[in-house]
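Enquirer: For this note's numbering, add 2 to where a residue sits in the sequence shown, where the first one is 1.
From the three backbone atoms N, C-alpha and C, an ideal C-beta is built for every residue, glycine too.
Keep in mind that this is a model prediction, so the values were computed, not measured.
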Amino acid sequence: MPRRMLRELGDDPGMLSVVSGVLAGCCGTLGKLGLDTDHSTLSLVTRSSLMVLTLLLNSAMMTLYTRALSLAPVSVVASTINMAANLVSTALLSWLVFHEALSAQWCVGALLIFIGVSLLLSSDQTDSIANMDKPKTS
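Set out below in structure tokens:
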């Protein structure tokens, strides 16, 4: 993963987790396209290119995810945000690319995931601000 991209994402474990989760969703979609036998119109070169792109995106995703884990105050924060972004992006890409149906139950679940991650991020930032005021002891 280019270092410039890592610098642009900064040291925010929440943002790194979201981007890594979206990349994971993209990897799943590309992998399905590359390996799916229903799309027999795709040439071997196209399928191979999709699989190579899947591996490259997986590498970028793991780089961002491990960075988020190392920066997060608690690893469960990075893991939860990553998982939520992965679930939502996978479902949306499946809907867009493969025309899979999204039920009302799924939409309510996605909304609850969004609310939960928002609460997690806001409480994490509140804790960071509160800890800035405390004097450091050695």
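Between Pro75 and the rest of its own chain, which residues show a CB-CB distance below 6 Å, the 5 nearest in sequence each way excluded?
Expert: Once the five neighbours on either side are set aside, Pro75 has no close Cβ partner at all.
Enquirer: Have a look at Gly111 and Asp38 and give me their C-alpha separation to the nearest angstrom.
Expert: If you take the alpha carbons of Gly111 and Asp38, they lie about 28 Å apart.
Enquirer: Assuming Leu73 and Leu18 are in contact, meaning their beta carbons sit under 8 Å apart, how far apart are those beta carbons, in whole angstroms?
Expert: The Cβ separation is near 7 Å, so the contact holds.
Enquirer: Does the separation of the CB atoms of Val119 and Pro15 fall below 9 Å?
Expert: Not a contact, by the Cβ cut-off of 9 Å.
Enquirer: Determine whether the beta carbon atoms of Gly36 and Leu94 lie at a separation below 9 Å.
Expert: No.
Enquirer: Answer yes or no: do Leu71 and Ser81 have a C-beta to C-beta separation smaller than 9 Å?
Expert: Contact: yes.
Enquirer: Are the CB atoms of Leu46 and Leu32 nearer to each other than 9 Å?
Expert: No, the pair does not count as a contact, with Cβ atoms beyond the cut-off.
Enquirer: Please report the distance separating the alpha-carbon of Ser77 from that of Ile83.
Expert: Cα to Cα, Ser77 sits roughly 10 Å from Ile83.
Enquirer: Using the rule of at least 16 other Cβ atoms within 10 Å of the residue's Cβ for burial, across every protein chain shown, is Gly12 buried or exposed?
Expert: Under this definition Gly12 is an exposed residue.
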